[in-house]
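Protein chains in written order, with my numbering: chain A, 3 to 355; chain B, 3 to 355; chain C, 2 to 236; chain D, 2 to 236; chain E, 373 to 604.
Below is one structure, written out as structure tokens; comments come after it.
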Amino acid sequence: MLRVSLEHRFAGVSLTMAFEAPTPGVIALFGPSGAGKTSLMNAMAGLLRPHRFRMELDGVPLERRRPEYRGVGYVFQDGRLFPHMSVRDNLRYGLRRGGAGPVKFDDAVALLGIGALLGRRPRHLSGGERQRVAIGRALLSNPRLLLMDEPLSALDQARRDEILPYLARLRSVLSIPIVYASHSLDEVTRLADTLVLIEAGRVVAAGPLTEMTARVDLPLALREDAGGVLRGVVNSHLPERGLTAISCGADFVWVPQITAPPGTGVRLRVPAREVILAVESPRGISVTNILQAHVVAVAEDAAGHAALVSLELGGGALLARVTRDAAERLRLAPGRPVLALIKAMSVDWHQED
Amino acid sequence: MLRVSLEHRFAGVSLTMAFEAPTPGVIALFGPSGAGKTSLMNAMAGLLRPHRFRMELDGVPLERRRPEYRGVGYVFQDGRLFPHMSVRDNLRYGLRRGGAGPVKFDDAVALLGIGALLGRRPRHLSGGERQRVAIGRALLSNPRLLLMDEPLSALDQARRDEILPYLARLRSVLSIPIVYASHSLDEVTRLADTLVLIEAGRVVAAGPLTEMTARVDLPLALREDAGGVLRGVVNSHLPERGLTAISCGADFVWVPQITAPPGTGVRLRVPAREVILAVESPRGISVTNILQAHVVAVAEDAAGHAALVSLELGGGALLARVTRDAAERLRLAPGRPVLALIKAMSVDWHQED
Amino acid sequence: MGFYRTVTWPWPLSGDEQEAVYLSLRVAARAVGFGLPLAMIVALLLARGRFPGRFLLNALVHLPLMLPPVVTGWLLLLVFGVEGPVGAWLAARFGVHLAFTESGAALACGVMIFPLMVRAIRLSVEAVDPRLEQAARTLGAHWVDRFLTITLPLAGPGVLAAVVMGYTASLGEFGAVITFAANIPGQTQTLPLAIFSALETQGGEAVAGRLALVSVFLAVGGLVLAEFLSPRRLK
Amino acid sequence: MGFYRTVTWPWPLSGDEQEAVYLSLRVAARAVGFGLPLAMIVALLLARGRFPGRFLLNALVHLPLMLPPVVTGWLLLLVFGVEGPVGAWLAARFGVHLAFTESGAALACGVMIFPLMVRAIRLSVEAVDPRLEQAARTLGAHWVDRFLTITLPLAGPGVLAAVVMGYTASLGEFGAVITFAANIPGQTQTLPLAIFSALETQGGEAVAGRLALVSVFLAVGGLVLAEFLSPRRLK
Amino acid sequence: ADTITVFAAASLTNAMQDIATLWMAGGHPKVVFSFESSGTLAQQIAHGAPANVFVSADEKWMDDLAKRHALLAASRSDLVGNSLVVVEPKQGLKPVKLGAGSNLLAVLGPDGRLAVGDPAHVPAGIYARQALQKMGLWEVASARLAPADSVRAALRLVELGEAPAGIVYGTDVKVTPSLGIAGIFPPDTHDPIRYPVAVLKAHNTAAARDFVAFLHTQPAQDVFLHWGFTAP
Ligand SMILES: Nc1ncnc2c1ncn2[C@@H]1O[C@H](COP(=O)(O)OP(=O)(O)OP(=O)(O)O)[C@@H](O)[C@H]1O
Ligand SMILES: Nc1ncnc2c1ncn2[C@@H]1O[C@H](COP(=O)(O)OP(=O)(O)OP(=O)(O)O)[C@@H](O)[C@H]1O
Ligand SMILES: [Mg+2]
Ligand SMILES: [Mg+2]
């Protein structure tokens with residue numbers, strides 16, 4: 003369990019935040035620019051000394067330890083590579099001081115794709131290359147807790163997609179808890195176990211990811227990219243149709259064929275805007291998943307043109323966004339049974355561990 | 003017209019890039035980390051002197067002018083605010099030197115939401131706040147060409163959504179051409195007129211955005227977030243149903259009601275994965291747009307599980323991604339007429355000017 | 002050992018001593034005041050410039066540091082004396098005489114502290130991130146503008162250090178001053194010269210100690226001021 | 002004017018002159034060598050430390066700059082002379098005599114150049130981005146480690162400047178050395194002292210000029226070396 | 373250990389070096405010198421400087437050491453004497469009448485200064501002050517002085533044209549070809565200029581005593597004469 007609480011005032015800005023989250027696991031700090039994510043992380047690393055601060059990791063209070071003895075790895079928002087050292091020496095810096103850990107130098111280098119850069123100085127790197135080195139440096143210091151402040155915002159999608167699963171693996175294989183600040187909902191839903199929503203120096207809500215994403219009462223649901231998360235297990239592959247069946251509780255969800263063997267735990271993310279609701283089963287249509295569900299709650303967006311529908315399925319909860327017009331046509335209301343039509347292509351899947 | 007060509011070698015990395023693009027307009031440099039975007043921009047600003055370099059804007063060769071007389075505004079990837087000046091003085095720095103321009107101090111401040119920060123020093127700002135100030139500073143220097151190197155990657159979605167239309171407006175109202183580096187396809191498709199795809203120091207393809215996005219032969223089409231772009235005009239609003247009809251050539255596309263008055267030009271982006279294809283018209287379904295189209299080309303992704311379908315509609319070209327299974331079930335092939343089912347919620351719209 | 006008991010509290014100062022104090026302050030102010038702008042320019046040239054003769058300039062600036070002050074004073078006489086090339090010209094053209102005058106003392110101090118000031122400023126200028134200067138370029142700032150608005154303010158600690166070192170060193174400058182400007186009470190007898198005179202006089206240790214204490218007070222006053230003005234506090 | 006014609010090419014040097022050159026180099030090397038580590042520590046304390054007495058330390062370090070060198074030499078005599086508290090203890094305990102020895106000349110030089118070295122290093126240390134030190138902290142580096150691996154290497158230009166200034170200033174140090182170590186050929190007569198002797202000798206200006214030229218050559222050699230080693234080139 | 377360290381007033385530099393050469397040519401132990409102002413040397417000796425012999429440019433500093441019991445009392449003697457002169461550039465040399473009704477100040481012109489050793493402590497300056505006082509010129513002249521930190525520095529000011537005239541020792545003018553003596557102060561206008569010598573008690577060696585004795589021999593005295601010194 004990680005428990006953190008903080009009170010601090012900057013000239014003009016005051017921060018009062020507290021949360022707790024199970025460990026190991028990824029705790030996402032999600033909030034807009036200026037919400038206080040970096041300040042919270044600085045406090046956790048011991049670099050900011052707030053007026054009040056408590057921090058307890060698995061029963062061990064850490065707030066009094068000095069940063070160098072706290073064992074908290076930190077990927078800074080602003081990189082902070084050592085300009086006078088080669089990439090190799092930057093990476094080794096933590097390696098030598100943190101003691102040998104489960105992360106190996108060569109593995110980290112290979113994974114982050116920085117093998118060709120080892121001899122260079124940081125100022126000869128591109129923005130994204132720099133950030134990858136910073137991630138490697140923090141990983142190799144063998145921390146008991148890893149803080150990552152928007153580590154991927156300088157990276158392209160391909161590189162992100164490559165690194166994200168590795169971060170997920172860190173969580174489960176190394177059982178290093180990770181606190182992850184981001185304003186990308188996509189990253190957060192792919193990675194987080196616990197979601198801490200921060201706004202203007204306050205924690206708006208905190209809880210397990212799957213619950214938080216299906217709630218229509220949080221500002222999350224109003225975002226363009228809102229979506230629900232299901233947990234499931236790979237059931238079987240149908241190579242001839244290029245599909246894989248995932249069982250989520252009572253339901254099967256079809257996705258384009260994946261490589262994970264049957265039995266693997268996966269996380270499925272279904273964007274709310276891509277969920278189609280129907281009351282009759284359509285035919286001759288490219289949609290592959292037609293799931294039975296019933297409506298839990300309906301809410302309107304601020305403009306009143308879109309309806310947010312919280313759905314209960316056999317194996318979890320999802321969110322759908324439809325036009326108000328459609329909601330009226332289909333007479334959506336709590337308790338109404340509906341069919342959730344989900345393109346196989348709409349389902350993002352990620353291996354859990 | 004902006005014409006740029008460059009040849010340069012760094013130790014171990016060689017760059018050979020050339021493109022031309024109509025002006026005014028937004029030219030997006032799109033490519034992965036380390037592709038050469040920043041190097042190209044540095045050369046355009048005069049800060050890097052490549053071995054060979056040509057740059058011509060509207061017939062005026064610029065490559066020989068010194069940076070301070072080139073009139074090129076630059077939002078740097080790494081911020082570079084002046085640490086010894088307040089936010090206000092940072093913003094005014096370019097304002098005083100660039101001469102009075104169409105962008106007003108108060109407007110820029112209001113738009114970027116930095117009014118409360120004017121008295122602060124940059125090191126008391128959060129990462130996102132810093133980037134907003136950097137954008138303001140470059141805008142206010144009244145440049146003839148604006149370079150923006152991943153200006154929004156440190157910003158949250160809400161702030162991005164707020165700033166993007168303003169950047170689009172800059173393009174059309176002020177007719178300042180903008181070169182915009184990004185690895186977010188979303189930003190690029192919302193903003194760009196011309197798309198320059200860069201990879202490993204080479205220009206892979208360049209051309210008008212709408213053409214580039216509908217091609218199945220570019221690496222673009224393989225991305226999760228691939229999607230087609232349609233240009234249209236607001237036709238009419240249906241307040242009682244909360245919808246707006248957009249006419250794109252011969253077609254109408256329904257979107258959740260928008261505020262732009264009839265006659266406004268808009269850009270619609272339809273993600274490939276959200277396009278459903280059907281051969282029969284479905285009923286009792288939340289999908290609002292059912293558009294007639296025919297298949298232009300079909301390609302498979304690398305794994306062979308998804309089919310990329312290039313569609314021709316009455317008013318433009320779209321891309322659809324369906325499972326291979328569905329493509330087979332529906333017997334999709336060039337020339338086949340299909341129905342493209344598109345949720346109103348799936349259509350992102352952006353005002354053109 | 003007995004000496005320690007003989008040093009007395011320096012106040013009140015005698016008339017001559019007061020005069021030496023005021024003179025020292027005036028001389029230090031002029032040395033620093035006139036030297037600083039020049040030191041800035043030279044520091045900038047050395048830090049950022051790439052021109053032939055750069056190394057020569059560097060060596061020339063260091064000259065007063067590497068020669069015994071007496072030699073510096075003597076070279077000043079050779080150059081700025083009435084028969085020296087510059088001195089003759091100054092005398093003929095403007096009727097200005099430097100030797101034996103307060104201005105001469107200030108010149109000697111200025112030359113002696115010049116390398117210290119240049120080094121301090123140069124170090125700070127070299128520490129300024131050139132990427133910030135690049136940013137200023139794209140905003141239309143030409144080089145003078147950039148220097149005044151970006152480089153110089155960011156090199157603030159160096160400029161402050163230059164002023165502090167120049168001022169304190171001026172208060173201690175002896176050999177070059179006495180050689181070039183002689184030791185004329187009220188005109189060129191700065192504190193160090195008065196201290197030296199006292200020290201060389203039989204039984205003058207106590208007076209020398211008193212005056213040295215005054216000198217220390219003045220310098221420490223300058224340090225306090227500098228500490229107070231230091232950019233770290235302003236930030 | 003006639004003087005310029007009388008200065009002759011300094012080579013070959015006479016035996017005494019050679020000895021003065023070697024002695025000067027040895028003294029400068031010892032002054033810089035022993036002074037530098039101490040200057041680093043003091044510079045770090047002044048730049049980053051917040052402790053009572055910090056200001057006093059700062060003032061103390063500046064003392065040799067603000068006093069006439071002769072007074073510094075005289076204070077050294079009072080402290081390190083055979084009758085001085087430290088000098089007496091050193092003599093009784095270790096049989097070490099500093100006053101009027103080569104070691105004493107090195108001590109006098111070291112004390113004189115100390116404020117210059119501290120200032121240069123301090124300036125560079127203050128210019129090191131503390132966020133990099135923070136990053137090193139989170140990677141487990143305690144303060145000595147951090148200082149040696151981050152702060153010091155990044156303050157490289159300052160350390161180099163300290164060495165250059167210390168070395169060149171040592172080659173020019175006069176008042177404190179002659180007062181504390183006397184002017185004994187082969188033992189404490191460094192180049193500046195030899196130059197002084199020449200100047201005091203009737204008709205010795207030409208010799209003084211020659212020796213000053215030697216001094217300049219030595220210092221310029223140091224500058225060349227420093228320029229060559231400067232971090233800018235290494236980057 | 374046989375080496376003799378001699379602390380001697382700076383104005384003796386040339387003569388002493390010549391004598392040392394002479395001395396060592398006779399197979400005697402090596403002599404090394406430290407030339408400085410007498411005051412500095414005396415203070416260094418008081419602080420334990422390893423000098424065997426001290427030659428001062430005036431009596432006072434020798435008295436000072438005597439009071440501190442630093443001298444081998446019996447060894448103290450007067451070595452040589454010197455004269456005090458007014459020096460001017462040879463070209464356009466204007467002779468100066470020294471004594472009552474002196475035209476010394478007229479030589480300086482309207483704003484020229486008279487270069488002297490610092491009357492506060494430089495022996496030559498102290499003698500100059502005595503002489504000027506005796507001639508009744510001190511009141512006026514004291515405002516027209518250019519006091520230098522040594523008599524050589526004063527001489528150099530005249531040589532470089534900064535001062536039209538100066539008061540220095542006769543020995544100083546001898547070897548400076550561009551300068552000439554414009555007048556010699558009558559011996560009664562100032563204390564006798566004498567250079568006392570003594571062996572120092574703390575470093576009293578036979579060689580040192582021999583060397584002092586040698587200084588009084590005719591060959592040594594001839595060298596002093598050659599450099600312009602007078603008999604004590
Ligand atoms: N040293 C400081 N002095 C004053 N205000 C500060 C300071 N540091 C941060 N703030 C303010 O505190 C708030 C939180 O800043 P913080 O950097 O924690 O935000 P963030 O959530 O990390 O934002 P971003 O996503 O933009 O990086 C901001 O409003 C910022 O302006
Ligand atoms: N000064 C330099 N010396 C050597 N190589 C360099 C230098 N600057 C850039 N490079 C290399 O050139 C390539 C292009 O770098 P550039 O910064 O232009 O990439 P980018 O497209 O902006 O990447 P990113 O999205 O990560 O910012 C990279 O491989 C980088 O390592
Ligand atoms: Mg932040
Ligand atoms: Mg880049």
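Idealized CB from N, CA, C, for every residue including glycine.
For A/T212, the secondary structure class from DSSP, reduced to helix, strand or coil, is helix. If you draw a 10 Å sphere on the C-beta of E/D560, you find fewer than 16 other C-beta atoms in it, and that means exposed. Annotation: the continuous alpha helix (DSSP H) that includes C/F115 extends over E103 to A128.
Under a 10 Å Cβ-count criterion, A/F32 is classified as buried, with 16 or more other Cβ atoms of the shown protein chains found around its own Cβ.
Excluding residues up to 5 positions away in sequence, V165, Y168 and T169 lie with their Cβ nearer than 7 Å to the Cβ of C/G223 in the same chain.
For ligand 4, a non-hydrogen atom lies closer than 6 Å to the CB of B/T40. Not flagged as an interface residue toward chain D: A/E131, since no C-beta distance is shorter than 7 Å. Here DSSP, grouped into helix, strand and coil, assigns B/Q353 to strand.
When C-alpha distances from C/P38 are compared across C/A199, C/F148 and C/E174, the shortest belongs to C/F148.
Proximity of A/R326 to chain D, defined by a Cβ-Cβ separation below 7 Å, is not satisfied.
Taken atom to atom, the span from the alpha-carbon of A/A194 to that of B/E201 is near 31 Å. The beta carbons of D/P70 and D/A209 sit no closer together than 7 Å. Under a criterion of Cβ atoms nearer than 7 Å, the residues of chain D adjacent to A/E70 are, in order, R138, G141, A142 and H143. Contact between E/L384 and E/L572 is ruled out by a C-beta separation of about 17 Å, above the 8 Å threshold.
Annotated three-state conformation of B/R99 is helix, per DSSP. Annotation: Cβ neighbours of A/V74 in chain D (cutoff 7 Å, chain order): T139. Inclusion of B/L334 and B/V297 in the CB contact set at 7 Å is warranted, their separation being smaller than that value. In this structure, D/F81 sits away from D/G74, with a CB-CB distance that is not shorter than 7 Å. Taking a beta-carbon distance threshold of 7 Å, E/A554 does not count as an interface residue toward chain C. In this structure, the alpha-carbon of E/T375 lies about 22 Å from that of E/S409. Listed by position along chain C, the residues whose Cβ is nearer than 7 Å to that of B/R99 are L140, G141 and A142.
Between the C-alpha atoms of D/G105 and D/Q188 there is a straight-line separation of about 10 Å. If you keep only unbroken beta strand (DSSP E) runs of at least 3 residues inside the stretch 288–317 of chain A, you get 291–302 and 308–315. No Cβ of chain C is located within less than 7 Å of the beta carbon of D/F115. Across the set A/I260, A/E164, A/R233 and A/V235, the C-alpha of A/I260 shows the shortest separation from the C-alpha of A/L245.
Remark: the C-beta of B/F12 is in contact range of ligand 2, defined as less than 6 Å to any heavy atom. Cβ-Cβ separation between B/L154 and B/R146: approximately 22 Å, too far for a contact (criterion under 8 Å). Neighbourhood of C/M67 in chain D, by CB distance below 7 Å: T169, L172, G173, S216, V217 and A220, in chain order.
Bounds of the beta strand (DSSP E) holding E/D450 are S449 to G453. Collapsing the DSSP output to three states places B/G75 in a strand.
When Cβ-Cβ separations below 7 Å define contact, C/A128 makes contact with chain D. From the listed residues D/V145, D/A142, D/V126 and D/A137, the smallest Cα separation to D/A156 is found for D/V126. For a Cβ distance threshold of 7 Å, residue set F175, F197 and L200 of chain C lies close to D/V71, ordered along the chain.
In this structure, B/D253 sits away from B/L197, with a CB-CB distance that is not shorter than 7 Å.
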